[in-house]
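Let me begin by presenting the structure, written as structure tokens, before commenting on it.
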Amino acid sequence: MLEKKYNHLEVEKGVYDNWLESHYFECGDTSKKPYAIVIPPPNVTGKLHLGHAWDTALQDIIIRFKRMQGYDTLWLPGMDHAAIATEAKVVHRLKEKGINKYELGREEFLKECFKWTDEHKDIIHKQWAKLGLSVDLTKERFTLDEGLEKAVKYVFVNLYNKGLIYQGEKIINWDPVAKTALSNEEVIYKDVKGAFYHLKYFIEGTTDFLEVATTRPETLFGDTAVAVNPEDERYKDLIGKNVILPVVGKLIPIIGDEHADPEFGTGVVKITPAHDPNDYEVGLRHNLERIKVLNEDGTMNEYAGKYEGMDRFAAREALVKDLEKEGILIKIEEITHSVGHSERTDAMVEPYLSKQWFVKMDELSKRVVENQKNKDTKVNFIPPRFEKIMNNWMSDCHDWCISRQLWWGHRIPAWYKDDEVYVGYDAPTGEGWHQDEDVLDTWFSSALWPFATMGWPDETDLYKRYFPTDVLVTGYDIIFFWVCRMTFESLEFTDQRPFEKCLIHGLIRDKLGRKMSKSLGNGVDPMDMIETYGADALRYYLTTSTAPGMDLRFDEEKLKSTWNFINKLWNASRFVLMNIESVKEVDLTNLQKHDEWILTKLNQTIKDVTKAMEKFEFNNVNTAIYSFIWNDFCDNYIEMAKFSIDTVGTKSTLLYTLTCILKMLHPFMPYVTSVIYDYLPIKEENIMISSYPVYDKKQIFPDSEIEVDEIIEFIKNFRTTIKENNILPSYEVKLNFNEILVNKILKLEGKIINEDKDITAFKVNTKNYEAIIYYEKEITEDDLRLKEKQINELKVSIEKRENLLNNANFVSKAPKDLVEKEKQKLADEKEELNKLLS
RNA sequence: GGGCGAUUGGCUCAGUUGGUUAGAGCAUCUGCCUUACAAGCAGAGGGUCAUAGGUUCGAGUCCUAUAUCGCCCACCA
């Protein structure tokens, strides 16, 4: 028998190990239809946070649901090596020990990275187990394992041969702390306080100058022109002349280029082609020299003269002082502008001319946009509005910089010898070749995740059976990073979408709506929540509290009330188990009307829940199942069942209903439902592979439903009357009916009389039932006002309804059954009013 | 500049192709230790659904503006 109180720590202890031993999480039953999900691989950088708990709980719910529906489910787990993120962590850890990455050397450094990875894989595995995730661990993958390595090389070589991967010198985003290139998506723009420095660029041979405004004066060493708009009346005559570059003293040309906006600033722009993407374009148009003035670590190089070796910010400060002394500086205008920061190191990103590898995007992205127009092959987003995000991004995206000056990652399969470049699977034969030192963006490998994890590019059984996958579950924040890239890689290499559906959820915020972050210290560790409330409560709370795609404000109070809900389930289960020990088989042939009533409500609930499950509307599942369990089953049915608890029908109904409840809740609360399920006297092999409840029309009993609904309504009205009139238990009552449920639940035995009495009477009625409560009580002003209020409310309602029904438009245009319903309601109300007035 | 989302009782959120008395949890008030559950039971109060128009027999729901908050993308010399 169950313990008296629900104790999530006891319930969840040791259960996961049993599940693993059962092998139910493993896929491969080819007699069933396949259903596959690949996990978004968490980075091996740290512990899982609440967002992961949410994301994985959603997937587990889908997988457990489909498994119970009889699918051969594969939930493929894995983790991501997370190139720059992990490397930054390992560098930091080594630094604390006084070790420098470069002194350690590549090979040893990678050993440290693998060590780190193993530690964090272990942490994540334990967290998955705590959450109760039914992943198939026999299929687990890592983005840096041999299989992925093979797939990555295949894709790189293949795209290179198609001309879709190329090497080029372009302005990229440079992280001076990690000393690597970044993609546009890894740059976070933040508003920071800065300044416009207005400088004098003297025109050659005159005492006139052009006023140039810049936010980054230290880059002037790389200036190779100043630009004005060719239409700008103020300056157009100067085009072709030269200005003297301050400090440096050399002559640079004044050029006319539409990049210069006459409306913006002074209308004169200094052109630094090696340190600004727009200037780079201008430089191309005018064939300007590109001078890099920064080193890889953000210090000034030899072009900066006496500032060489200074950090870019220190150099700026020193230079501005000197410019001021020399009278070059006109003014400093404080402004706020947005500046790119590295997603991982938070360093200010430097636009930097550099030779990198790129994926040419236009063809690949065009294919995604085209494919989304085909309803049979598109990726179906849930909610659909997120499709726009993918389409917009895919219609307008820059080439993808994929090389990173890091060590932790897939090394680029390119070899160099003098001016020759070789791209292939293995090093070319012959002397003198050396491999590219760089690795690939971590997203290059995760973009292949749905198929590469299944053995692709080999035609493995796994790949053939489970790809394309059924649904991908992820947050809207990584649609660019990941969903788009998986889609174009998949279309390009498998000619199929990677997943039929893409379920998008929001972000977790704190109670005040702020993002959870380390700096705010408002983060919540899911493991703490599991300790306090249990994984079942956490999972249920996270997955049923918002509509799809919406953010979630984490509220511990709500989590607590979810625990209460499970406690309620626990106690209801105790009641059922205490009363059905003798049941040998479920026999639903000889039922009381309340048995029929709960079966009717149950089947309506099954219908609603299943529909919502299929649409991934888990908040609607909650709405349906919560009120069914708490209101219908606990508050009403169990109370009624107590009066027929000795009948086979009621015992069977209790057991049957509880069984269905446990099954419906199991995807959400796997622990508590399987523990209770194991106590049931009649059950299938295991709840995890038991059959999901199916709506059964034969268990719908409309007459009993109406009858018991009215009994419940009557009981409620009766109690309200007693309560609102402060009627003490010494009252007597005359009924126009005899209903044992009413008598028992309202405890009317001994109070029922058959004749009228000449004392104060209170009338309680529903459509068919009427009670007159006799009670010696002085009628107070309050009592009269209450009755008056009821009568008035009824009158208002009647008037509204009469107006409605007198409206010819309504009667002729509204659906007939609605009109009928309204007519019936009106009649009922009139009757009720008469009873009240009598 | 372009796009998206939100605005519903004190708080956090639902609200299914428009259907006429807008729901839930928490909080509040009242009464109960009734043998599944006081982490509970039985009742009660509390919302002109951001604003202004419009479509419709009928609008929280659809359309057009506006406001406030939040997010994404682009630009920012």
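In this note's numbering, the protein residues as written are -8 to 829. Ideal placement from N, C-alpha and C gives every residue a C-beta, glycine not left out. All of these numbers come straight from a predicted model, not from anything done at the bench.
Note to self: Using 8 Å as the cut-off, can you tell me whether the segment 496 to 505 makes contact with the segment 375 to 392, which would need three or more C-beta pairs spanning the two stretches below that distance?
What the structure shows: no
Next item on the list: Classify V639 as helix, strand or coil using the three-state DSSP reduction.
Entry: V639 falls in the helix class under three-state DSSP.
Margin query: Here's the rule I'm using: 16 or more other beta-carbon atoms within 10 Å means buried, otherwise exposed. How should G525 be labelled?
Written below: buried
Margin query: Quick check: what's the CA-CA separation for Y668 versus K674?
Written below: 8 Å
Check: Taking the DSSP output, what are the residues bridged to Q781?
Finding: The partner list for Q781 (beta bridge, DSSP) is empty, contrary to what the question assumes.
Checklist line | Spatially closest choice to F100 from Q118, E78 and D113, by CA coordinates | finding: E78
Margin query: Can you tell me where the alpha helix (DSSP H) holding Q690 begins and where it ends?
Written below: Per DSSP, Q690 belongs to no alpha helix (DSSP H) and is neither H nor E.
Next item on the list: Just list the beta strand (DSSP E) runs in the segment 286 to 357, keeping only unbroken ones of 3 residues or longer that don't cross its boundaries, in chain order.
Entry: 320 to 333 and 341 to 350
Margin query: Do E630 and I736 have their beta-carbon atoms positioned less than 8 Å apart in this structure?
Written below: Contact: yes.
Check: From the DSSP output, which residues share a beta bridge with I194?
Finding: V234
Check: Using the C-alpha atoms, what's the distance from N365 back to E704?
Finding: 52 Å
Margin query: As a quick exercise: from G42, K778 and H328, pick the residue whose alpha carbon is nearest that of K184.
Written below: H328
Checklist line | Opposing strand residues paired with C493 [DSSP bridges] | finding: F372 and L463
Item checked: Buried/exposed call for Y628, threshold 16 Cβ in 10 Å -> buried
Notebook entry, point to check: DSSP state of S174, grouped into three classes?
Noted result: If DSSP states are grouped into helix, strand and coil, S174 belongs with coil.
Checklist line | Span of the alpha helix (DSSP H), counted from its first residue to its last, around I156 | finding: From DSSP, I156 is part of no alpha helix (DSSP H) but of the beta strand (DSSP E) over I156 to D166.
Next item on the list: Return the first residue and the last residue of the beta strand (DSSP E) that T205 is part of.
Entry: F200 to T205
Next item on the list: Would you mind giving the Cβ-Cβ distance between N570 and L482, rounded to the nearest angstrom? I have them listed as a contact below 8 Å.
Entry: About 58 Å; that fails the 8 Å criterion.
Check: Going straight from the alpha carbon of H111 to that of M70, what length do you get?
Finding: 10 Å
Next item on the list: Measure the C-alpha to C-alpha separation of E308 and P68 and round it to an integer number of angstroms.
Entry: A straight line joining the alpha-carbon of E308 with that of P68 spans about 51 Å.
Note to self: Quick check on the burial criterion: 16 or more other C-beta atoms within 10 angstroms. Buried or exposed for R55?
What the structure shows: buried
Notebook entry, point to check: Going straight from the alpha carbon of M339 to that of Y(-3), what length do you get?
Noted result: 52 Å
Check: Is the CB-CB distance between W406 and F349 below 8 Å?
Finding: no
Note to self: In the DSSP output, which residue or residues are listed as bridge partners for N34?
What the structure shows: D71
Next item on the list: Quickly, what does DSSP pair P244 with across the bridge? List them, please.
Entry: P244 is bridged to N233.
Margin query: So, at 7 Å on beta carbons, what are the nonlocal neighbours of D214 in its own chain, with the 5 sequence-adjacent residues on each side left out?
Written below: L236, I243, K261, I262 and T263
Notebook entry, point to check: Which one of F193, S13 and R132 has the shortest CA to CA distance from S125?
Noted result: S13
Item checked: Residues bridged to F753 (per DSSP) -> I764
Checklist line | Nonlocal neighbours in the same chain, by C-beta distance under 8 Å from A76, ignoring five residues either side | finding: N34, T36, R335 and T433
Checklist line | Backbone secondary structure at D182 - three-state DSSP | finding: In the structure shown, D182 sits in a strand (DSSP, three-state: E or B).
Item checked: For Y647, the three-state DSSP class (helix, strand or coil) -> helix
Note to self: Below 8 Å on the Cβ atoms is my contact criterion, and I expect T648 with Q583 to pass it. Report the Cβ-Cβ distance as a whole number of Å.
What the structure shows: So it is not a contact: roughly 13 Å between Cβ atoms.
Checklist line | Through-space distance from W424 to D410, alpha-carbon basis | finding: 11 Å
Checklist line | Own chain residues within Cβ distance below 7 Å of K502, not counting five before or after | finding: R544, F545 and D546
Checklist line | Cβ neighbours of L39 in the same chain (closer than 7 Å, five flanking residues each side left out) | finding: P33, I115, Q118 and P517
Next item on the list: Would you kindly check if the distance between the Cβ of I521 and the Cβ of L511 is under 8 Å?
Entry: Contact flag unset, no.
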